[in-house]
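In the working numbering, the protein residues as written are 1118 to 1331.
Built from N, CA and C at the ideal position, the CB exists for glycine as well.
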């Protein structure tokens, strides 16, 4: 009877460990964290796109008000340039946080799968991990070109700010109008790249995180 009791106790402890102590449910929780990181990055990109709109509108107002009083429009433009730069910094931080969450998610997945004994389940899990990791890496394939596109454009905005700060005359603004047009066109292209990245972030979030009722 005593040996039977010991066996029952061991079976009970094994069951408890299997369902509560070995991290078998933590994988999807890390997936949720990764999904939250993707959502934060997506929101930062959307905010950045709006900041571009605001900056372009204020630059237009500088041109429109050049013959009356462009001072107020220029001050607003300067504020919007600063807000856009701040939005870009937020996006960079969110991007880094998202990368760290994704790295932790896939590392945890690989670690847990190393303990799986069934080769079919292990192979299936590793196959799925490879596909999802490729999907996650696709974010970088869009984010890096966007950064390469955005950074020099942001620099041009700041250069225009410096130029206008020293020559806000009718002639000075008129001479810069071709640059206004070029800068605004490039800004629209940046926004298109942002839209593509947001669409990809939506796709990857849906692929990685479990469904949740709204």
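Asked                                                                                                                                              : Found
Where does residue 1185 fall in DSSP's three states?                                                                                               : coil
With a floor of 4 residues, list each alpha helix (DSSP H) that falls wholly inside the segment 1214 to 1251, ordered by position along the chain. : none
Counting Cβ pairs, one atom from each stretch, are 3 or more of them under 8 Å apart for the segment 1155 to 1170 and the segment 1194 to 1210?    : yes
Anyone know if the C-beta pair for residue 1190 and residue 1175 falls short of 8 Å?                                                               : yes
Secondary structure at residue 1327, three-state DSSP: helix, strand or coil?                                                                      : coil
Taking Cβ positions, are residue 1194 and residue 1147 nearer each other than 8 Å?                                                                 : no
On the CB-based measure, 16 or more other CB atoms within 10 Å of its CB, does residue 1138 come out buried or exposed?                            : In this prediction, residue 1138 has a pLDDT of 33, which is less than 50 and means its spatial position is unreliable; what the coordinates show is noted afterwards. When all chains shown are included, residue 1138 counts as exposed.
Taking Cβ positions only, does residue 1291 come closer than 8 Å to chain D?                                                                       : No chain D is part of this structure, which consists of one protein chain only.
Between the segment 1298 to 1309 and the segment 1270 to 1281, are three or more C-beta pairs nearer than 8 Å?                                     : yes
CB-CB under 7 Å to residue 1275, same chain, minus the five flanking residues each way: which ones, in chain order?                                : 1198
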